[in-house]
Amino acid sequence: MISRKYLYLISLADERHFGRAATACHVSPSTLSTAIRELEQELGVVLVERGKSFVRLTAEGECVLAHARRAAAGAGELHQALDALRGGLGGQLRLGVIPTALAVVSSLTSPFALRHPRVDIDVRSASTQAILGALRDFQLEAGVLYTESATSPDLHCLPLWAEDLVFITRSGGPRAAADDIAWRDAAAEPLCLLSRDMHHRQTVDRVFAELGCAPRVGLETNSLTSILAHVRAGPWNGILPRSVLSLIGASEGLHALRLVSPCVEWRTGLVTLARDPQPPLSAALFALAAQLPPSG
240 MISRKYLYLI SLADERHFGR AATACHVSPS TLSTAIRELE QELGVVLVER GKSFVRLTAE
300 GECVLAHARR AAAGAGELHQ ALDALRGGLG GQLRLGVIPT ALAVVSSLTS PFALRHPRVD
360 IDVRSASTQA ILGALRDFQL EAGVLYTESA TSPDLHCLPL WAEDLVFITR SGGPRAAADD
420 IAWRDAAAEP LCLLSRDMHH RQTVDRVFAE LGCAPRVGLE TNSLTSILAH VRAGPWNGIL
480 PRSVLSLIGA SEGLHALRLV SPCVEWRTGL VTLARDPQPP LSAALFALAA QLPPSG
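The opening residue of the sequence shown carries number 240 in my numbering; numbering runs sequentially from there.
Below, the structure written as structure tokens:
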């Protein structure tokens, strides 16, 4: 369906190292290197700027890579369509999920697995930008993102979940007796927040900025588990979607206060590339998602 040489180029671009790319393709480094040189000769262009192992693709290499990814995706979609005709949808559904949505995504993947038992599901936690990049490189079938991140015309977004943000503090702490807390008051407390490269953090920072507040952020991390652990240990507090507390053991030793003044609604949706027709796996996932009961 697609020449192995193009698959080798895709692997080389992903791994950025000849040895690792060869391992991923189950060939020797010399076999992969020879195939890339043959592809360069066939196309009459240099695809790779070579260093000791691999530096980067040339502009021509990036152009060929984009076409190779589309061809590989098309071949995979053809196999999906044939599987469906032979007796049910099969293949692998690759789903990128922002960390703060991991607690709710099972309400989508579980019914999908029951309806399509021959499909293997690969759920990957990643940042918003990483998910969008992987979608556009045909490395994911769909993503779960904040809906405000998916407004580009090349994307199709189906809103699914809406929830509020909560101020998380340790049980027995000075704020643990309250039911809610104003954002201005939260800014004055020692905070442990997700790192600044994450969309959740950017939204939290925007709320504080609109209120003219300078939050006391004493610790940053890209891990939800780390935030929960540090809040339990003190002296920090966290700001997260309420659904995070449904993770196994997440609420133990913690107390959640509703954040008010303002009340910020958190909207998350299912996102894929805007294509007509949609590939079989993406189409099946969106068809099921549209039947989920409304949230929020």
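Where a beta carbon is used, it is the ideal one built from N, C-alpha and C, also for glycine.
Residue i versus the options, residue with shortest Cα-Cα distance
i, options, result
"GLY382", "VAL343, GLY335, LEU498, ARG308", "GLY335"
"GLU316", "GLY329, PRO518, SER272, PRO532", "PRO518"
"THR511", "TYR385, SER500, PRO268, LEU531", "TYR385"
"GLU380", "ASP419, LEU332, LEU371", "LEU332"
"SER462", "TYR245, ARG308, THR339, SER250", "THR339"
"LEU371", "ALA389, ASP361, ILE360", "ALA389"
"ALA536", "PHE377, PHE351, GLY258", "Residue 536 lies beyond the residue range present for the chain, which begins at 240 and ends at 535; the question has no answer from this structure."
"LEU296", "GLY329, LEU479, LEU248", "LEU248"
"SER242", "ILE360, LEU524, SER391, ALA274", "ALA274"
"PHE525", "THR348, ARG481, GLY411, ALA310", "THR348"
"LEU286", "SER346, ALA307, ALA421", "ALA307"
"LEU450", "TRP422, TRP475, SER434, ASP436", "TRP422"
"MET437", "GLU459, PRO392, HIS318", "GLU459"
"ALA369", "LEU531, GLY508, ILE337", "ILE337"
"SER269", "LEU282, LYS244, ILE466", "LYS244"
"PRO532", "ASP419, GLU491, ASP322, SER346", "SER346"
"GLU387", "ARG506, ALA522, PRO516", "ARG506"
"ALA513", "ALA529, ARG325, LEU321, PRO392", "PRO392"
"SER250", "GLN280, VAL284, GLU279, ALA311", "ALA311"
"PRO501", "ARG309, ALA401, ASP419, LEU321", "ASP419"
CB-CB length for residue i against residue j, believed under 8 Å
i, j, result
"VAL470", "ILE407", "5 Å"
"LEU271", "ALA260", "6 Å"
"GLY492", "ARG414", "GLY492 to ARG414, Cβ: 14 Å. No contact."
Assigned secondary structure, residue i (DSSP; H/G/I helix, E/B strand, else coil)
i, result
"CYS302", "helix"
"ARG255", "coil"
"VAL499", "strand"
"LEU524", "helix"
"CYS452", "coil"
"SER366", "coil"
"GLU459", "strand"
"ILE249", "helix"
"ALA414", "For the sequence presented, residue 414 should be read as Arg rather than Ala. Looking at ARG414 - three-state DSSP - the assignment turns out to be coil, as it is neither helix nor strand."
"THR273", "helix"
"TRP475", "coil"
"LEU282", "helix"
"LEU486", "coil"
"GLY290", "coil"
"PRO356", "coil"
"LEU512", "strand"
"PHE377", "coil"
"LEU384", "strand"
"ASP361", "strand"
"GLU402", "strand"
"ILE466", "helix"
"GLN331", "strand"
"HIS265", "coil"
"ASP419", "strand"
"LEU296", "strand"
Rounded separation between residue i and residue j - CA only
i, j, result
"GLU277", "ALA252", "17 Å"
"LEU328", "LEU520", "7 Å"
"VAL266", "ALA472", "49 Å"
"LEU394", "GLY412", "44 Å"
"THR262", "HIS256", "10 Å"
"PHE351", "PRO480", "24 Å"
"HIS439", "LEU399", "17 Å"
"LEU527", "VAL405", "29 Å"
"ARG375", "CYS396", "14 Å"
"LYS291", "GLY258", "11 Å"
"ILE360", "ALA468", "29 Å"
"GLY508", "LEU433", "20 Å"
"ARG430", "CYS264", "A small fix is needed here, since residue 430 is Leu in this sequence, not Arg. Computed Cα separation, rounded: 45 Å."
"ALA417", "GLY330", "49 Å"
"SER482", "LEU341", "9 Å"
"ILE478", "PRO516", "40 Å"
"TRP475", "THR464", "14 Å"
"LEU282", "GLN319", "30 Å"
"GLU288", "ALA373", "23 Å"
"LEU321", "ARG309", "18 Å"
"ALA401", "GLN530", "16 Å"
Closer than 8 Å: residue i CB and nearest the ligand ATP heavy atom
i, result
"LEU394", "In the structure on display, the ligand ATP does not appear, and there are no ligands present to speak of."
Within 8 Å, do at least three Cβ pairs link the segment 415-430 to the segment 454-474?
yes
Across the segment 440-450 and the segment 298-310, are there enough close Cβ pairs to call them in contact, namely three or more that are closer than 8 Å?
no
Is there contact here, the segment 477-491 with the segment 360-377, by at least three beta-carbon pairs under 8 Å?
no
Measuring CB atoms only, is the segment 492-500 touching the segment 343-360, in the sense that at least three cross pairs come out at less than 8 Å?
no
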